[in-house]
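From first to last, the protein sequence lines are chains A and B.
Per my numbering, the very first residue in the first sequence carries number 46; after that it's consecutive.
Per my numbering, the very first residue in the second sequence carries number 13; after that it's consecutive.
Don't be surprised by glycine CBs; every beta carbon is placed ideally from N, CA and C.
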Amino acid sequence: MTTMLHQKPHQTEIDVIDVLPGEQADSRRPAAGSEGGVRPAGHFRDFVLARRSENRLILQPRMGFSDPALMRRGLELVRAATAPTIGTITLDSYTRMGDLEGARRALDAGKELNGYPIVTYGEERNRRLVDGLLGAAFPIQIRHGSPLPEPIFRALIAAGIEATEGGPISYCLPYSRVPLAATVRSWQHCCRMLAGLEQNGVVGHLESFGGCMLGQLCPPAMLLTLTLLEARFFREHGIKSLSLSYAQGYNEPQDVGAILALRQLASESLQDVDWHVVVYCFMGNFPRSRSGSRRLIEDSARLAVKAGAARLIVKTGAEAYQIPTIEDNLEAIEWSRLAAAQPKALPGAAEHRHREALYAETSALLAAILDLAPTVGEAIQIGFREGYLDVPFCLHPDNRNRARSWLDGDGSIYWSDPGRIPLPAHLRDAVGRPRQISTSRDLAKMLAFNQERYDAPAAARPDHSWPANADVPEV
Amino acid sequence: MKPRALLTTIPSDSHSWNLVFMEMFLAEHGFEVENLGICAPYELTYAAVRAEPRDLVVVSTVNGHGHLEGPALARHLTETTDPGRPRLVIGGKLGTEVAALERQAAELRAAGYDAVFYGPAALADFVEFLAREPAWSGAALLA
Chain A
46 MTTMLHQKPH QTEIDVIDVL PGEQADSRRP AAGSEGGVRP AGHFRDFVLA RRSENRLILQ
106 PRMGFSDPAL MRRGLELVRA ATAPTIGTIT LDSYTRMGDL EGARRALDAG KELNGYPIVT
166 YGEERNRRLV DGLLGAAFPI QIRHGSPLPE PIFRALIAAG IEATEGGPIS YCLPYSRVPL
226 AATVRSWQHC CRMLAGLEQN GVVGHLESFG GCMLGQLCPP AMLLTLTLLE ARFFREHGIK
286 SLSLSYAQGY NEPQDVGAIL ALRQLASESL QDVDWHVVVY CFMGNFPRSR SGSRRLIEDS
346 ARLAVKAGAA RLIVKTGAEA YQIPTIEDNL EAIEWSRLAA AQPKALPGAA EHRHREALYA
406 ETSALLAAIL DLAPTVGEAI QIGFREGYLD VPFCLHPDNR NRARSWLDGD GSIYWSDPGR
466 IPLPAHLRDA VGRPRQISTS RDLAKMLAFN QERYDAPAAA RPDHSWPANA DVPEV
Chain B
13 MKPRALLTTI PSDSHSWNLV FMEMFLAEHG FEVENLGICA PYELTYAAVR AEPRDLVVVS
73 TVNGHGHLEG PALARHLTET TDPGRPRLVI GGKLGTEVAA LERQAAELRA AGYDAVFYGP
133 AALADFVEFL AREPAWSGAA LLA
């Protein structure tokens, strides 16, 4: 990509080895949750800061079982892994959809759910699950996917867990039909609940899922804008420790540039809170071969290290076929650890070109959105209503779905049509590549890009000829 | 006039890409398409079918619950629409157990689907179905 920016990069080259302000413990920052000199504790926040200072990438699975004994065993084994790990309890889809009656019925009928039903099980059982495991040496995060998560927040807080994730945009648009106005109200309430833990001397941690929208084909500047907006929304409602996310795409220089730009933007706009960046291993159609999966997983770990992220959410070699087992997760954690431990490559010219372009594009977009209203929550809603925020291909009624993206032959993602997104004129040439309307065949090819690429060299690969796999997206 | 297709899914399915793909695919095959989006409640689908005449209703689902929620949808639509009702099809990942798919497909057909598409040949079979349906003109399909 030729850089056609008329403005200079905002900041001198950042040294990616350095930890940026906000990413490190700083006793001079009273706003990070201390009152009267006593610094409140947060298992999640303190663990991330400690590993950060040791320069070690934190690895975290996505794991959830309805059998409490199995869930407990999974957490124990993740804790015992060689790599620094954070435990995950992923909730089931009944709980995610707010269908607590459905979860109860399924459990009473002895059915296995696709995750841990934290609300239905209740406080005592939840506390037993994490008792003796959860602590400064092993934080646990609840991952859920719920647009209206009040019952989930109440349950996790009652269980003594202080870390979770999501956001009013990222858990509304891709997976629900709930109006954006309702999720904004709900998440506002939930942020306040989590922030209220401070009265008990606890700092809650909230991760934005905004860097993942639909899992693939969203131009990086939109991902960055949405996760930064969610982070600012969290902060607006009292959250003092948060993380911003970015999902691995298809082109390493673009991904590295995006994460560097994200860290730079966060350090400029989130100065009074604790924050870090979490990378998600590729969230789209996963390779079907074991060797292909492993290489994609290893690349995600190298990406996280190269771009200076603090934490990585891992995927597994079983991803294309089934809900991963504990063993699948442990194996992927170990693959990731080994890859992350390899000699670190520094970002080069290509990465920095992407960083500059994405920094300029995202900061312009973010400023335009924040200008729309006095609060972040209102600005988000106006932004989507006007089509200034627009997630390509997202079918939610509150998303205009006018903007379109294109995946280039080298795996980089561009705007093929930015719709009403207010990209500054001087950036349009750098970040857009006008195309004819793409066909279903183009779309299928783009969705299968990583699957095909990573499966390709494997000698014995399962049949996945186009277009059968076009109809089985995973997000 | 173009044949008209309604594209929908089952209430529990929050997957998007299959619907995005199928909307483009149907349009390329000559249809005017209305896409109801993810997690479509039964009532939304029923109301859309009642609202205007359609030639084809496509239920696309990949979360493995198609065999659980698909039959109710078909039974309601066959009971409440005329014999000249739109053709009704379902396709995608309909269950989680490969061994049970044939039986589940038979149950879906019995519930009222004119055709059920699953497995590696699902899309090719669907293309064949579209080509041999007299309900819409072959001319439109060449678009």
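The contact set of residue 32 of chain B on chain A, defined by CB atoms closer than 8 Å, consists of 438, 440, 488 in chain order. Assignment of beta-bridge partners to residue 129 of chain B by DSSP yields B:103.
For residue 342 of chain A, the enclosing alpha helix (DSSP H) has its first and last residue at 335-351.
Closest option to residue 193 of chain A, judged by alpha-carbon separation, among A:300, A:173, A:214, A:108: A:214.
From the beta-carbon of residue 221 of chain A, the residues of chain B found nearer than 8 Å are 26, 50, 51.
For residue 47 of chain B, there is no enclosing alpha helix (DSSP H); the enclosing beta strand (DSSP E) covers residues 44-47. Proximity to residue 428 of chain A across A:437, A:439, A:444 peaks at A:444, based on C-alpha coordinates. Residue 221 of chain A carries a coil assignment under DSSP once its states are collapsed to helix, strand and coil.
Under DSSP, residue 183 of chain A shares a beta bridge with A:180. In its chain, beyond the 5 residues on either side, no residue has a beta carbon closer than 7 Å to the beta carbon of residue 473 of chain A. Note: residue 105 of chain A is bridge-paired with A:358 in the DSSP secondary-structure output. Here DSSP, grouped into helix, strand and coil, assigns residue 248 of chain A to coil.
Counting only Cβ-Cβ distances below 7 Å, residue 484 of chain A has contacts in chain B at 36, 40, in chain order. The beta-bridge partner set that DSSP reports for residue 324 of chain A consists of A:291, A:357. For a Cβ distance threshold of 7 Å, nothing in chain B lies close to residue 268 of chain A: the least Cβ distance comes to about 16 Å. For residue 148 of chain B, there is no enclosing alpha helix (DSSP H), as DSSP marks it with neither H nor E. Using a Cβ-Cβ cut-off of 8 Å, residue 29 of chain B counts as an interface residue toward chain A, since at least one Cβ of chain A sits closer than that to its own.
Secondary structure of residue 38 of chain B (DSSP, three-state): helix.
Within the region 257-289 of chain A, the residues whose Cβ lies closer than 7 Å to any Cβ of chain B are, in chain order, 259. According to the DSSP assignment, residue 135 of chain A belongs to the beta strand (DSSP E) that extends over 132-135.
The region 441-455 of chain A makes no contact with the region 400-417 of chain A; the number of CB pairs closer than 8 Å stays below 3. By a beta-carbon distance limit of 8 Å, residue 305 of chain A contacts residue 352 of chain A. Their separation comes to about 6 Å.
Boundaries for residue 119 of chain A: no beta strand (DSSP E) harbours it, while the alpha helix (DSSP H) harbouring it runs 113-124, taken from the DSSP string. The region 49-56 of chain B and the region 20-27 of chain B touch, with no fewer than 3 CB-CB distances between them shorter than 8 Å. The beta carbon of residue 136 of chain A sits no closer than 8 Å to any beta carbon of chain B.
Taking 8 Å as the cut-off, the beta carbon of residue 286 of chain A is found closer than this to the beta carbon of residue 90 of chain A. In the three-state reduction of the DSSP assignment, residue 120 of chain B falls in the helix class, which pools H, G and I.
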